[in-house]
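Structure, as structure tokens:
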Amino acid sequence: MRHHYFMAALTLLISTQARANACPDWNKAQANQEINALATQVAEWDHAYHANGQSLVTDAVYDHAQQRLQHWQRCFNHAANNPLRNAQGEHAHPIAQTGLSKAYQDNEVKRWLRQHPNAWLQPKVDGVAVTLIYQKGNFHQALSRGDGRKGHDWTATVRHIVPQQLPHAADAVLQGEIYWRLSPEQKHNAQSTQARSHVAGALMQKSPRDETLRQLSVFVWDWPNGPDDSRARWQQLSDWGFDGPQYTHAISNWQDAQRWRTHYLNTALPFATDGVVLRDDTRPHGSQWSAHPPSWALAWKHPAQEALSVVKTVHFSIGRTGRITPRLELEPTELAGRTIRFVSVGSIKRLQQWDVRAGDHVRLSLRGQSIPQLSAVLWRLQERTDWQAPNPADYHRESCWQDSPQCRQQFLARLTYLSSRQGLNLTGVGEGTWRQLLEQGAVQSLADWWDLEETKLQQLPSWGENRSRAFVQAREQARQMPRHRWLKALDAPTPSNTDAWQRFLQQPGIAESFARLSDQ
1 MRHHYFMAAL TLLISTQARA NACPDWNKAQ ANQEINALAT QVAEWDHAYH ANGQSLVTDA
61 VYDHAQQRLQ HWQRCFNHAA NNPLRNAQGE HAHPIAQTGL SKAYQDNEVK RWLRQHPNAW
121 LQPKVDGVAV TLIYQKGNFH QALSRGDGRK GHDWTATVRH IVPQQLPHAA DAVLQGEIYW
181 RLSPEQKHNA QSTQARSHVA GALMQKSPRD ETLRQLSVFV WDWPNGPDDS RARWQQLSDW
241 GFDGPQYTHA ISNWQDAQRW RTHYLNTALP FATDGVVLRD DTRPHGSQWS AHPPSWALAW
301 KHPAQEALSV VKTVHFSIGR TGRITPRLEL EPTELAGRTI RFVSVGSIKR LQQWDVRAGD
361 HVRLSLRGQS IPQLSAVLWR LQERTDWQAP NPADYHRESC WQDSPQCRQQ FLARLTYLSS
421 RQGLNLTGVG EGTWRQLLEQ GAVQSLADWW DLEETKLQQL PSWGENRSRA FVQAREQARQ
481 MPRHRWLKAL DAPTPSNTDA WQRFLQQPGI AESFARLSDQ
């Protein structure tokens with residue numbers, strides 16, 4: 001479950017921490033405008049989550065937004081928001097629900113384990129938190145988490161999914177998660193992301209249907225007023241028939257924690273998970289717990305499949321065919337264990353549809369588990385700056401056969417394709433090589449490089465004897481390739497397209513160079 005109350009103390013991604021050190025360069029009026037806009041968005045997510053049981057964004061995205069909001073509030077001395085201000089119920093918890101601090105980086109977990117060498121690990125179930133109260137062994141009451149101090153009464157529904165009587169006449173307060181049962185095929189698809197909403201919806205019904213109740217179960221994560229000995233505590237809960245103990249394992253080092261976390265990340269469990277929870281073997285008695293994240297427990301989140309980032313600027317790249325592709329330069333953002341700095345928008349038309357500008361906050365996701373993509377603009381700065389795109393009419397398949405300030409991108413793309421495996425397969429010659437030759441004025445047209453002498457190359461900065469010789473050797477090998485391969489590498493028009501072919505041959509040096517090629 002997402003625990004909001006403690007966000008000011010969250011330790012998030014290193015990249016997020018680094019960029020949080022700098023305050024925005026805003027005047028007071030703009031700061032008020034931007035902070036209020038973001039606070040309104042976060043409040044909308046909070047209301048949907050606490051009032052309706054709907055997660056409009058993932059925990060990772062929410063955490064980033066909340067952390068950024070609190071940073072802005074600190075920068076400009078704004079009062080901090082309380083995400084649980086509307087979550088309080090009517091019934092006091094006998095023992096407070098604490099929430100969890102979250103870790104996203106391995107070094108955070110290693111540091112925690114050094115301070116807590118004897119611990120237990122269990123999956124972090126993505127459901128709805130609940131307190132179960134037993135009196136003299138009989139089920140008495142079930143309370144929602146609420147604000148951690150007071151919750152709502154869910155007894156009427158929960159009594160259908162928990163043991164009504166414990167084998168011993170014990171007074172027990174159990175804390176856990178009501179979850180939606182998943183089949184193995186549901187574990188890794190979109191249905192698991194809706195599991196929490198299904199639970200919340202069922203709990204808000206006055207009389208859930210039997211088939212709905214059969215989908216609900218309870219994962220007990222702790223027994224706050226149980227035996228001090230952890231092993232005895234887990235064994236007793238297991239004997240009582242509760243889920244939780246069977247998924248809980250003693251760990252003593254980083255390797256143990258990493259192994260079990262990987263296991264639960266890749267195993268088809270009957271519940272949705274978004275990480276694992278580490279709990280110290282020693283903790284205070286439940287009577288001392290408070291509705292704040294304790295130091296003796298930590299949530300270690302799985303690599304986020306969605307992330308929040310901020311657009312730094314919009315770049316426009318021009319390919320060899322003249323296609324213009326907008327790219328968003330982002331503040332470095334961790335996504336599924338990778339650092340994302342750029343994301344393609346696809347086309348100017350799509351950029352206009354997204355209406356995204358510098359300073360906007362966007363949600364990123366992965367396409368095919370590997371390609372980062374823009375999936376939403378979560379909120380936009382109130383004061384926005386326009387971007388200026390290149391004119392599409394200036395770039396097409398026959399533009400930029402030579403270098404110029406306006407043509408540098410497309411011409412560089414032509415050269416890069418020419419030396420690629422799809423072109424002439426010039427060993428060791430890539431975009432970086434061509435960029436250097438262009439910047440040093442050694443190449444200005446498609447034919448200039450065909451006659452570059454080795455001695456002239458050696459005189460260029462960063463070009464030594466070996467590199468110059470390798471370049472010339474690669475070029476000489478390419479001369480032996482058949483004419484049709486050169487036509488493909490140059491992306492030349494077909495000779496049957498008479499007008500375009502003549503315009504191509506009129507480019508500097510092209511006709512003369514083609515006359516020297518082999519007719520193989």
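Numbering of the sequence shown is given in this note's numbering, commencing with residue 1 and proceeding in unit increments.
Each residue gets a CB set at the ideal place from its N, CA and C atoms; glycine is no exception.
Just so you know, these numbers come straight off a predicted model, no measurement behind them.
Could you check what DSSP says for Lys102 in three-state terms: helix, strand or coil? Three-state DSSP puts Lys102 in a strand.
*Per DSSP, which residues does His285 bridge with? Please list them.*
When DSSP reads this structure, His285 sits in no beta bridge, so it has no partner.
Worksheet item: Who are Pro123's beta bridge partners in DSSP?
Response: Looking at the DSSP assignment, Pro123 forms a beta bridge with Val276.
Worksheet entry | Residue span of the alpha helix (DSSP H) that contains Arg397, given as start and end | Arg397 -> no alpha helix (DSSP H), and no H or E assigned at all.
**Asked** With distances taken from CA atoms, which of Trp112, Ser462, Thr273 is nearest Ser252?
**Response** For the residues Trp112, Ser462, Thr273, the minimum Cα distance to Ser252 belongs to Trp112.
| Mapping DSSP to helix, strand and coil, what is His188? | Model confidence at His188 stands at a pLDDT of 49, short of 50, so the residue's coordinates are unreliable; what they give is reported in the following sentence. Correct three-state label for His188: coil.
Check: Residue range of the alpha helix (DSSP H) that Arg408 falls in?
Finding: That run of the alpha helix (DSSP H) goes 408 to 419.
Output yes or no for whether 8 Å exceeds the beta carbon distance between Ile348 and Pro372. In this structure, Pro372 does not lie closer than 8 Å to Ile348 by Cβ.
- Item | Spatial neighbours of Pro495 in its chain, beta-carbon cut-off 7 Å, leaving aside the 5 residues before and after | Trp501, listed in sequence order.
Quiz item: Should Gly423 be labelled buried (16 or more other beta-carbon atoms within 10 Å of its own) or exposed?
Solution: So Gly423 counts as buried.
- First and last residue of the uninterrupted alpha helix (DSSP H) at Gly432: It spans 431 to 439 - the alpha helix (DSSP H) in which Gly432 sits, taken as one unbroken run.
**Prompt:** In three-state terms, what does DSSP make of Pro245?
**Reply:** DSSP places Pro245 in helix when its eight states are reduced to three.
Give a yes or no on whether the C-beta atoms belonging to Gln305 and Ser375 are separated by under 8 Å.
Note that the C-beta distance between Gln305 and Ser375 is not below 8 Å.
Q. What is the DSSP secondary structure of Arg467, reduced to helix, strand or coil?
A. Three-state DSSP puts Arg467 in a helix.
Q: Could you please give the first and the last residue of the uninterrupted alpha helix (DSSP H) stretch that includes Gln135?
A: That residue, Gln135, is in no alpha helix (DSSP H); its beta strand (DSSP E) goes 128 to 135.
- Message: Just verifying my parser: in three-state terms, what is the DSSP assignment at Thr333?
- Response: Strand, per DSSP.
Exercise for the section: Could you tell me whether the stretch 272 to 282 touches the stretch 296 to 314, where touching means 3 or more Cβ pairs closer than 8 Å? Expected result: Short answer: they touch.
Self-check item: Assigned exposure category for Trp254 - 16 Cβ within 10 Å defines buried
Solution: Per the 10 Å Cβ criterion, exposed.
First and last residue of the uninterrupted alpha helix (DSSP H) at Ala358: Looking at the DSSP string, Ala358 is not in any alpha helix (DSSP H), and its letter there is neither H nor E.
Between Trp240 and the rest of its own chain, which residues show a CB-CB distance below 8 Å, the 5 nearest in sequence each way excluded? Cβ neighbours of Trp240 beyond the five flanking positions: Pro163, Leu166, Pro167.
- [ ] Go to Ala60, then tell me how far its alpha helix (DSSP H) extends in each direction, as first and last residue.
- [x] Its alpha helix (DSSP H) spans residues 59 to 75.
Point to revise | Residue from Leu213, Leu381, Leu418, Thr333 with nearest C-alpha to Ala489 | key: Here the closest residue by C-alpha is Leu418.
Worksheet item: Per DSSP, what kind of secondary structure is Gly226 in: helix, strand or coil?
Response: If DSSP states are grouped into helix, strand and coil, Gly226 belongs with coil.
According to DSSP, Gln175 sits in a beta bridge with which residue or residues? Per the DSSP secondary-structure output, Gln175 pairs in a beta bridge with Thr131, Asp222.
Original post:
With which residues is Leu325 paired in a DSSP beta bridge?
Top reply: It is worth fixing the name first, because residue 325 is Thr in this sequence and not Leu. Per DSSP, the beta-bridge partners of Thr325 are Ser317.
Checking the sheet assignment: what are the DSSP bridge partners for Phe514? DSSP output for Phe514 lists no bridge partner at all.
CB contact below 8 Å: Arg483 versus chain D: Chain labels in this structure do not include chain D; a single protein chain is all it has.
May I have the straight-line CA-CA distance separating Val343 from Ala37, to the nearest angstrom?
Note on geometry: alpha-carbon atoms of Val343 and Ala37 lie some 25 Å from one another.
Worksheet item: Within 10 angstroms of its Cβ, does Pro117 collect 16 or more other Cβ (buried), or is it exposed?
Response: Exposed: under 16 other Cβ atoms inside 10 Å.
Applying the criterion that 16 or more other CB atoms from any shown protein chain within 10 Å of the CB defines a buried residue, is Asp59 buried or exposed?
Buried, because 16 or more other Cβ atoms sit within 10 Å of the Cβ of Asp59.
Use the C-beta contact count for Gly322: other C-beta atoms within 10 angstroms, 16 or more gives buried, fewer gives exposed. So Gly322 counts as buried.
- Boundaries (first-last residue) of the beta strand (DSSP E) holding Ser375: Taken as a continuous stretch (DSSP letters only), the beta strand (DSSP E) holding Ser375 covers 371 to 379.
Quick check: the stretch 390 to 398 against the stretch 357 to 364, are at least 3 beta-carbon pairs closer than 8 Å? No, because fewer than three Cβ pairs between the stretch 357 to 364 and the stretch 390 to 398 fall closer than 8 Å, the two stretches do not touch.
*Out of Trp260, Leu143, Leu487, point me to the one whose CA is closest to Lys124's CA.*
When the alpha-carbon of Lys124 is set against those of Trp260, Leu143, Leu487, the nearest one is in Trp260.
Going by alpha carbons, who is nearest to Ser462 out of Glu334, Pro482, Arg435?
Considering only alpha carbons, the answer is Arg435.
For this session: Give the secondary structure of Leu498 by DSSP, where H, G and I count as helix, E and B as strand, and everything else as coil.
Result: Looking at the sequence itself, residue 498 is Thr, so the reference to Leu does not match. Helix.
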